[in-house]
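Structure record follows, encoded as C-alpha cells.
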Amino acid sequence: MPKKSEFIHVNPLFARPGEDTLAPRYTLGAGQMLPETAYQVVHDETMLDGNARLNLATFVGTWMDDQASRLYSESFDKNMIDKDEYPQTAAIEEYCWKIIADLWHAPSPETTIGTSTIGSSEACMLGGLAFKRRWQHARRAAGLSTEKPNLVMSSAVQVCWEKFCNYWEVEPRYVPVTEEHPFFDGHELGKYVDENTIGVVAIMGVTYTGAYEPVAEIAAALDAIQEASGYDIPIHVDAASGGMVAPFLQPDLAWDFRVERVHSISTSAHKYGLVYPGLGWVVWRSPQMLPEDLIFTVSYLGGSMPTLALNFSRPGAQVLLQYYLFLRLGHDGYRAVQQASQDVAHYLAHGIEEIGPFELLGDGSDIPVFAWRLKDGHTDNWNLFHLSDRLRSRGWLVPAYPMPDDMSDVIVQRIVVRNGLSLDLASKLLDAIQEETAYLDKLESPMPVEGQHPGFTH
Ligand SMILES: *Cc1c(COP(=O)(O)O)cnc(C)c1O
1 MPKKSEFIHV NPLFARPGED TLAPRYTLGA GQMLPETAYQ VVHDETMLDG NARLNLATFV
61 GTWMDDQASR LYSESFDKNM IDKDEYPQTA AIEEYCWKII ADLWHAPSPE TTIGTSTIGS
121 SEACMLGGLA FKRRWQHARR AAGLSTEKPN LVMSSAVQVC WEKFCNYWEV EPRYVPVTEE
181 HPFFDGHELG KYVDENTIGV VAIMGVTYTG AYEPVAEIAA ALDAIQEASG YDIPIHVDAA
241 SGGMVAPFLQ PDLAWDFRVE RVHSISTSAH KYGLVYPGLG WVVWRSPQML PEDLIFTVSY
301 LGGSMPTLAL NFSRPGAQVL LQYYLFLRLG HDGYRAVQQA SQDVAHYLAH GIEEIGPFEL
361 LGDGSDIPVF AWRLKDGHTD NWNLFHLSDR LRSRGWLVPA YPMPDDMSDV IVQRIVVRNG
421 LSLDLASKLL DAIQEETAYL DKLESPMPVE GQHPGFTH
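The sequence shown begins at 1 in this note's numbering and counts up one residue at a time.
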C-alpha cells in the first residue's frame with residue numbers, strides 16, 4: 001500500500017491567493033494559514049466520520065437542542081476545577097449530584113458526597129479506589145496483609161474495570177457468563193470472594209446485552225457469605241446506562257441505595273443522562289464510605305472545597321448542560337424520553353425476531369438495548385458479521401461481536417436505541433435488516449469469513 005501522503009492537499013478553491021495548497025500532516029507547518037482555510041481543512045477532514053444518527057453501536061449522546069447548544073457555546077471556556085473563578089458552576093455541580101443521589105435513594109442526599117467526572121470510567125476508578133483504600137485501612141488496623149486485593153465482577157464488565165485492576169494493581173476475578181447464567185447473579189459467589197476482596201461490581205445495563213444484573217440478589221448472596229465467613233463485602237453499581245433509565249422506567253426495582261450493601265453508584269451523563277460527551281457522576285451512600293485521605297482541597301472563595309478526581313482541569317460546560325436538562329425535563333420529561341426509546345427498542349426487537357433466523361437476547365425491557373444471535377443450525381453460508389457489513393454499506397452501524405467468557409463462541413449483534421432514533425427511522429432500519437437477511441439467505445454457497453473482526457461494542 002502506498003504510504004499516506006505527508007501533506008494534506010488544500011482545495012485551491014478554499015486557499016486564498018498566495019497561500020500554500022499543501023499542509024504538512026504530521027509536523028507543525030512553518031508559516032501561518034488563514035483561519036478560514038484552516039477551518040475548511042479540519043471541517044473537510046472530518047466529513048468521513050460516520051453519521052452519528054445512524055450509529056446504533058454507541059451509547060453516547062449525539063444530539064441536544066438549541067438552548068443547550070447556546071448554553072454550551074456560552075460556557076465551554078469554564079474549567080470545572082477552578083471553583084474559585086466559577087463558584088456558580090461549582091454550586092450547580094453540587095445541585096446535580098444531590099439530585100442524582102436523591103434519584104438513587106441515598107438515605108440522606110443532603111449530607112452525602114459525590115462528584116462529577118469526565119465519564120463513567122473515571123467515576124468507576126474513584127469507586128474502586130474508595131473500596132481499595134477502605135479495605136487497606138481495615139486490614140492495617142487488624143494487623144493483616146494488604147498485599148493481594150481482588151475485585152469480583154462478571155466477565156461481561158466494561159473495559160474500565162479491567163483498566164482499574166491493571167492500573168491500581170488489584171487482581172480481577174471474573175465470574176464467567178454461561179448459557180444457564182447469562183448474566184452475573186451471585187450464583188456460586190462464595191467461590192470467588194475471600195478476605196482480600198475489596199468489593200463486588202454489579203452492572204446496571206451490561207454492554208453486551210443491555211440486561212440489568214440483579215443487584216439485590218447479588219447483595220443477598222453477599223449477606224449469606226457474611227453470615228458464614230464474616231466478610232463484609234461492599235457493592236459498587238456501575239450504572240453507566242441504567243443509572244438514568246431505571247429511576248424513570250423501573251422505579252420499583254430496588255437496585256440502588258435501597259440495597260444496603262451498595263456503597264457507591266456511578267453513571268455516564270453522556271449516555272442516558274442525555275448530555276454531550278464528557279460527563280459522568282459518582283455518588284456514595286454516605287461520607288463514611290469514602291476514606292478522607294482520598295480527598296484533596298482546592299481554594300474556593302477564599303476558603304477551601306473538597307475535591308476528588310483523577311483529572312485536574314476539565315470542561316465545566318457539560319455540568320451546566322446536565323442541570324439545564326434536569327430543569328427542562330424533570331421526572332416526567334425523562335420518563336417520556338426514555339419510554340420513547342424503549343418503545344422503539346421493543347418495536348425493533350420483536351420485528352427482528354419475526355424475520356425468522358434470529359433469537360433475541362432480551363428485548364430492551366431493561367435499558368433500551370438488545371442483542372440477538374443466529375438460531376443454531378440456521379445456515380452455514382453467512383453469519384452476523386456479514387449482516388453487519390451489509391448494513392454498514394447502507395450507512396447503518398449495527399455491530400456484531402462475540403460474547404465474553406465463557407460464551408465467547410456465541411456471536412451476537414446489538415442495537416443501542418438512543419434518543420433520536422425515531423420510530424420512523426427505526427422502521428427503515430427494520431426494512432434494511434429484512435432485505436439484507438433475505439439477500440444473505442438466498443446465497444447458494446458460503447461467504448468468506450477471513451478477516452472478520454468484532455465491531456466497537458462499548
Ligand atoms: C459506557 C460504560 C462505561 C464507560 O463509560 P464512559 O462514560 O464511556 O467512560 C463503563 N461501564 C459500563 C457498564 C458502560 O456501559
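Yeah, the Cβ is synthetic: ideal placement off N, Cα and C, and Gly gets one too.
Because the structure is a prediction, the values reported are computed rather than measured.
My output table needs one value for residue 2: the three-state DSSP class, helix, strand or coil. For residue 2, the pLDDT reaches just 49, beneath the cut-off of 50, and the residue's location in the model is therefore unreliable, although a value from the coordinates is still provided. Reduced to three states, the DSSP call for residue 2 is coil.
By how many angstroms is the C-alpha of residue 421 removed from the C-alpha of residue 124? 28 angstroms
Does DSSP put residue 263 in a helix, in a strand, or in coil? strand
For ligand 1, I want to know if residue 59 counts as a neighbour, meaning its beta carbon is within less than 7 angstroms of at least one of the ligand's heavy atoms. yes
Taking all protein chains shown into account, decide if residue 215 is buried (16 or more other Cβ within 10 angstroms of its Cβ) or exposed. buried
What is the rounded straight-line gap between the Cα of residue 326 and the Cα of residue 116? 15 angstroms
Can we say the stretch 240-254 touches the stretch 319-338, given the rule of at least three CB pairs closer than 8 angstroms? yes
Nearest by alpha-carbon distance to residue 436: which of 227, 218, 262, 383 is it? 383
Inter-residue spacing [alpha-carbon to alpha-carbon] between residue 237 and residue 172: 16 angstroms
Within the same chain, show all residues whose beta-carbon is closer than 7 angstroms to that of residue 434, passing over the 5 residues directly before and after it, in chain order. 355
Same chain, Cβ closer than 8 angstroms to residue 151, five either side skipped, listed in chain order: 128, 131, 161, 164, 165, 170, 171, 172, 173, 197, 198, 199, 200, 201
On the CB-based measure, 16 or more other CB atoms within 10 Å of its CB, does residue 120 come out buried or exposed? buried
Going residue by residue through the stretch 209-274, where are the continuous beta strand (DSSP E) segments of at least 3 residues, counting only ones entirely within it? 235-238, 262-268
Please list, in chain order, all residues of the same chain as residue 390 whose beta carbon is under 8 angstroms from its beta carbon, the five residues on each side excluded. 436, 439, 440
In angstroms with no decimal places, state the Cα-to-Cα distance between residue 63 and residue 20. 36 angstroms
Closer than 8 angstroms is the cut-off here; do at least three beta carbon pairs connect the stretch 309-325 with the stretch 140-157? no
Does the distance from the CB of residue 57 to the CB of residue 158 come in under 8 angstroms? no
Please report how far the alpha carbon of residue 218 lies from the alpha carbon of residue 212, in whole angstroms. 12 angstroms
Own chain residues within Cβ distance below 7 angstroms of residue 342, not counting five before or after: 249, 364, 368
In the DSSP assignment, what are the bridge partners of residue 401? 412
Buried or exposed for residue 275, please, with buried defined as at least 16 other CB atoms from any protein chain shown within 10 angstroms of its CB. buried
Within 10 angstroms of its Cβ, does residue 320 collect 16 or more other Cβ (buried), or is it exposed? buried
Give a yes or no on whether the C-beta atoms belonging to residue 297 and residue 287 are separated by under 8 angstroms. no
Counting only runs of 4+ residues fully inside the stretch 83-146, write out the alpha helix (DSSP H) ranges in chain order. 87-103, 120-141
Beta strand (DSSP E) runs contained entirely in the stretch 302-354, provided each spans 3 or more residues: 303-307
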